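Below you'll find the structure, written out as structure tokens, and then a few comments.
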Amino acid sequence: MKLNRLLEITNLLLNRRSITAAELAGRFGVSVRTIYRDIDALSVSGIPVITSQGSGGGISLMEDYTVKRAALSDGERNELTFALQALKATKYPQLDALIDKIFTKPAHSDWVTVDFTPWGADPDAHERFTTVKTAILQSRAVWLEYINADNQKSEREVEPLKLIYKGQAWYMWGYCLERVDYRMFRVSRIKKVRLLERVFDRDSVRVVSPPLENKPSVHLLLVFTEDALSRLYDDYDEEMLTVNEDGTLTLAVDLPEDEWIYSYILSFGSSVCVASPEHIRRGVEERLMKTLAQYEKP
Numbered sequence: 003m004k005l006n007r008l009l010e011i012t013n014l015l016l017n018r019r020s021i022t023a024a025e026l027a028g029r030f031g032v033s034v035r036t037i038y039r040d041i042d043a044l045s046v047s048g049i050p051v052i053t054s055q056g057s058g059g060g061i062s063l064m065e066d067y068t069v070k071r072a073a074l075s076d077g078e079r080n081e082l083t084f085a086l087q088a089l090k091a092t093k094y095p096q097l098d099a100l101i102d103k104i105f106t107k108p109a110h111s112d113w114v115t116v117d118f119t120p121w122g123a124d125p126d127a128h129e130r131f132t133t134v135k136t137a138i139l140q141s142r143a144v145w146l147e148y149i150n151a152d153n154q155k156s157e158r159e160v161e162p163l164k165l166i167y168k169g170q171a172w173y174m175w176g177y178c179l180e181r182v183d184y185r186m187f188r189v190s191r192i193k194k195v196r197l198l199e200r201v202f203d204r205d206s207v208r209v210v211s212p213p214l215e216n217k218p219s220v221h222l223l224l225v226f227t228e229d230a231l232s233r234l235y236d237d238y239d240e241e242m243l244t245v246n247e248d249g250t251l252t253l254a255v256d257l258p259e260d261e262w263i264y265s266y267i268l269s270f271g272s273s274v275c276v277a278s279p280e281h282i283r284r285g286v287e288e289r290l291m292k293t294l295a296q297y298e299k300p
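Under my numbering, the first residue of the sequence shown carries the number 3, and numbering increases by one thereafter.
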């Protein structure tokens, strides 16, 4: 929801001289405060957004910037689309060279660094991610060495169709020639990847939608301390949060019920407590006890 709103705000600013926060809030059904938080996110990402107060004020692009959308090639439009889609996940998308093409502004060659790989990842992880992205944009097949959730290693030839950021991780969705079917590959489990010369006709592929919502979900009530607020705003609209009398915040959310849900909750450390349902609360307690037992070993 937040990503779609950011993309639409960007498009509106490219086509309108100015728009007020109240107009945007009414359009998207959110508070004015949420709109200003969206504008801050776009500004941090390199979109030259400014706000002005008073009569005739509003939200607009900087006057010294000249939109040159027609100068973009198809490849650059793909790169820009990818960068904006990555905004929710990274907060600092790949807009360096592309913003220079879209807007006339003083050149700054080293104002942002984007790395989609986690801390501690091996040095080749970023290159593998870039290879996958290139294959999708160029409709080229890839060979890869993959380790699945059961620790089984296999070699695959895949026609990659989409990059997906879901549940704090990147996935590649594509057609696997070995399995003769569509498959989802977690990018962090791709240990080797090679771009092949073979180009496939993406338009002729009967693209099946990725099974993103097939997992059963559970309705959670999570109570957070105030120090988790900034991270909560990264993932959820403020309308989903209820401020309690003691200063804590309650989040009501539906999440997929599998092992990921426990790692997600535990990633907040002591800043979160599961209010309901009871079986998830007990599951978190069991995992905490197992972790504590590891540290109690001599």
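By construction, the Cβ of each residue, glycine as well, lies at the ideal position given by its N, Cα and C atoms. Since the model is a prediction, treat every value here as computed from it, not as a measurement.
- Annotation for residue 155: the continuous beta strand (DSSP E) segment containing it runs 155–168.
- Exclusion of the five residues before and after residue 156 leaves 148 as the residues of its chain whose Cβ lies within less than 6 Å of its Cβ.
- Sorting 270, 24, 167 and 42 by C-alpha distance to the C-alpha of residue 229 places 270 at the top.
- Taking 8 Å as the upper bound for CB-CB distance, residue 276 and residue 282 are in contact here, some 5 Å apart.
- Between residue 32 and residue 236, the C-beta spacing is not below 8 Å.
- About 7 Å separates the beta carbons of residue 41 and residue 53, which is inside the 8 Å limit, making them a contact pair.
- For residue 278, the CB contacts under 6 Å within the same chain, skipping 5 residues up- and downstream, are 223 in chain order.
- Taken through DSSP and simplified to helix, strand or coil, residue 129 comes out as helix.
- Less than 8 Å separates the beta-carbon of residue 137 from that of residue 197.
- Under the three-state reduction of DSSP output, residue 15 falls in the helix class.
- When DSSP states are grouped into helix, strand and coil, residue 179 belongs to the coil group.
- Assigned with DSSP and collapsed to three states, residue 147 falls in strand.
- By the CB criterion at 8 Å, residue 173 and residue 186 fall inside the cutoff.
- When the Cα atoms are used, residue 19 and residue 62 turn out to be separated by approximately 6 Å.
- Straight through space, the alpha carbons of residue 139 and residue 10 are spaced by roughly 22 Å.
- About 21 Å separates the CB atoms of residue 182 and residue 134; that is not less than 8 Å, and the two are not in contact.
- Between residue 201 and residue 142, the CB-CB gap stays under 8 Å.
- Membership of residue 263 in the alpha helix (DSSP H) is indicated by the continuous run 261–268.
- Just so you know, the alpha carbons of residue 254 and residue 203 end up roughly 43 Å apart.
- Sequence-distant partners of residue 286 (beyond 5 residues in either direction) whose C-beta falls short of 7 Å from its own C-beta, in its chain, are 264, 267, 268 and 276.
- Closest option to residue 152, judged by alpha-carbon separation, among 164, 191, 161 and 171: 191.
- Residue 154 and residue 300 have their alpha carbons spaced roughly 33 Å apart.
- Pairing residue 295 with residue 262, the inter-Cα distance amounts to about 21 Å.
- One Cα belongs to residue 8, the other to residue 195, and the distance between them is close to 32 Å.
- Of all alpha-carbon atoms in 24, 30 and 28, the one lying nearest the alpha-carbon of residue 59 is that of 24.
- In terms of CA proximity to residue 45, 15 leads the group 232, 160, 15 and 165.
- Of the candidates 162, 193, 50 and 251, 162 places its Cα closest to the Cα of residue 184.
- For residue 202, the three-state secondary structure derived from DSSP is coil.
- DSSP places residue 273 within a helical segment (H, G or I) once states are collapsed to three.
- Residue 245 sits exposed, since fewer than 16 C-beta atoms from the chains shown fall within 10 Å of its C-beta.
- Rounded to whole angstroms, the separation of the alpha carbons of residue 132 and residue 165 is 11 Å.
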